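These notes concern the structure reproduced below.
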Amino acid sequence: MTGLINAIPATNKDEYKNVGVYIEHRGDELKRPSIEMIGIGKQLARKVNEKLICVVIGDKVDGIAKEVGEYGCDIVLAAESPELAEYRTMPYAEIIGGYIQEYKPNIFLLAATRNGRDLASRIAVKSRTGITADCTVLDIDENRTLLANRPTYGESTLAEILCRNHRPQMATARPGIFPPAEKEKDHKYEVIKKKVDVDKKLLGKQILKFIPRKSTDLTSAKIVVAGGLGLGGPDGFKMLEELANLIGGAVGSSRPPVDLGWITRDHQVGQTGQSVRPDLYIAVGISGKPQHIAGMKFSKVIVSINKDPNAEITKYSDYIITEDYRKVIPALIDAIKNSKK
Ligand code: FAD
């Protein structure tokens, strides 16, 4: 890390140990990106014989704290207050900043979700340290230095970024890239719970009611049928939706159809959308630009349907169908319907 951060005196690195992870949940539901963070956090901590410490914030968090422990966390720090039931930037940042001061983790990770990104920079500033955002590869060396890798120059290069002088070493990681942690039978963990008196000034606005937006979580889909600009308009997505429904899949999109309003942003796959790793990814009318590939290259099987035999996507495809999608998709739908009769 160079620049401004070097103006801040270096921290005494020996005081910092263990790996911290911020856990996102909604009520009793642990968010999948956080299960991925537990997975990578556990891996880093165990590589240098340190502990994984997870921070859970909310109202009535016993259930979530237990689940986090079962996933292999060693110490769960649970902060509870009815006023923390919904995510609130300032009090959450204050609590995590306080935990960092008290427990001094060598590394602190958050998922690069909306809330994770919102929190990460505030915590980094409070902790007077640097942060590497949107990592896709994380490792640790024998000196306990975090090797934080993130794509750069339009996904064409992977940059390894080190935070040499300040602690904790912070990173956010892209959802859908790291495999989720597995539960560990009989794993011993400790929950340290505290009731928090939330400073009303930090709450800012009052939340009267939380109405969750219906959004598409592509990260847990086993099959994704994604459409691109080659669909020619929103009607193309209706066709893809019919196919996806028949095979138990979800509909994804490249970015241009989202920008054009053919489909909502929660369907976007790629660098600035969701990262997916389904068993089957069907790319329809998508050229395969690096920013799209970044979000789907870990799919097990990739099928592309494209008029252009030389489209970039063919390099990543296990099966290539060179044809107008308007001929291929209806034929597929008919064949699947007939096979179900
Ligand atoms: P195109 O590149 O126009 O490709 C359309 C394809 O459809 C062509 O290959 C064509 O041969 C084929 N086609 C046309 N008609 C038919 C037909 N009838 N049947 C079959 N095939 C047909 N993009 C993303 O997807 N996700 C991101 O997260 C993302 N983030 C970005 C971030 C930044 C900072 C930038 C600069 C760009 C980002 N982009 C992203 C945009 C990206 O660079 C490309 O512009 C985009 O992925 C191209 O989308 P596309 O493949 O749908 O369209």
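If you read the sequence shown in my numbering, its first letter stands for residue 2, the second for the next number, and so on. Cβ coordinates follow ideal geometry from the N, Cα and C atoms, glycine included. These numbers come from a predicted model, not from an experiment.
With 16 other CB atoms within 10 Å as the buried threshold, where does residue i fall?
i, result
"threonine 3", "The predicted position of threonine 3 is uncertain, since its pLDDT is 46 and thus under 50; no value can be drawn from it."
"serine 340", "exposed"
"serine 157", "exposed"
"glutamine 272", "buried"
"aspartate 75", "buried"
"lysine 186", "exposed"
"isoleucine 132", "buried"
"phenylalanine 238", "buried"
Return the chain-ordered list of same chain residues with a C-beta closer than 8 Å to the C-beta of residue i, the five sequence neighbours on each side being excluded.
i, result
"lysine 223", "Gly249, Gly250, Pro279, Asp280, Leu281"
"isoleucine 101", "Gly21, Phe109, Ile124, Lys127, Ser128, Pro169"
"glutamate 68", "Leu31"
In chain order, what residues of the same chain lie with their CB nearer than 7 Å to the CB of residue i, ignoring the 5 residues before and after it?
i, result
"isoleucine 314", "Ala284, Ile287, Ser288, Gly289, Ser305, Asn307"
"leucine 203", "Met91, Pro92, Glu95"
"asparagine 116", "Glu25, Tyr88"
"threonine 137", "Asn150, Arg151, Pro152, Arg175, Ile178"
"aspartate 142", "Leu148"
"glycine 296", "Val270, Gly271, Gln272, Gly274, Gln275, Ser276, Val277"
"alanine 46", "Asn19, Val20, Lys52, Leu53"
"aspartate 60", "Glu81, Ser82, Pro83, Leu85, Ala86"
Go through its chain and collect everything with a Cβ distance to residue i's Cβ below 6 Å, but skip five positions before and after it.
i, result
"leucine 110", "Val22, Met38, Gly42, Ala172"
"leucine 247", "Ile337"
"leucine 230", "Pro257"
"glutamine 269", "Ser254, Arg256, Val259"
"serine 82", "Val197, Val199"
"lysine 105", "Glu16, Tyr17"
"glutamine 170", "Ile108, Leu147, Cys164"
"isoleucine 193", "Leu78"
Report the partner residues of residue i according to the DSSP bridge assignment.
i, result
"glutamate 30", "Arg27"
"tyrosine 17", "Tyrosine 17 pairs with nothing; no bridge assigned."
"lysine 341", "Bridge partners of lysine 341: none, in fact."
"arginine 1", "Here the chain has residues from 2 to 342 only, and residue 1 is not among them."
"asparagine 170", "For clarity, residue 170 is glutamine in the given sequence; the question names asparagine instead. BP columns for glutamine 170 point to Ile108."
"serine 254", "Gly228, Gln269"
"lysine 215", "Looking at the DSSP assignment, lysine 215 forms no beta bridge with any residue, so it has no partner."
"glutamine 44", "DSSP output for glutamine 44 lists no bridge partner at all."
"glutamate 242", "According to DSSP, which records beta bridges pairwise, glutamate 242 is partnered with nothing at all."
"glycine 422", "Residue 422 is absent from the structure shown; the chain starts at 2 and stops at 342."
"asparagine 140", "Note on identity: in this sequence residue 140 is aspartate, with asparagine being the wrong assignment. Note: aspartate 140 sits in a beta bridge opposite Leu148."
"tyrosine 282", "Val225, Ile303"
"threonine 133", "Ala172"
Mind reading off the beta-carbon distance from residue i to residue j? Whole number of angstroms is fine, and I expect it under 8 Å.
i, j, result
"asparagine 19", "lysine 52", "5 Å"
"alanine 112", "serine 221", "Not a contact, Cβ separation roughly 14 Å."
Quick check on the contact list: which residues have their beta carbon closer than 5 Å to a heavy atom of the ligand FAD? Gly229, Leu230, Gly231, Ser255, Arg256, Pro257, Gly271, Gln272, Thr273, Gly274, Gly286, Ile287, Ser288, Lys290, Gln292, His293, Asn307, Lys308, Asp309, Ala312, Asp325, Tyr326
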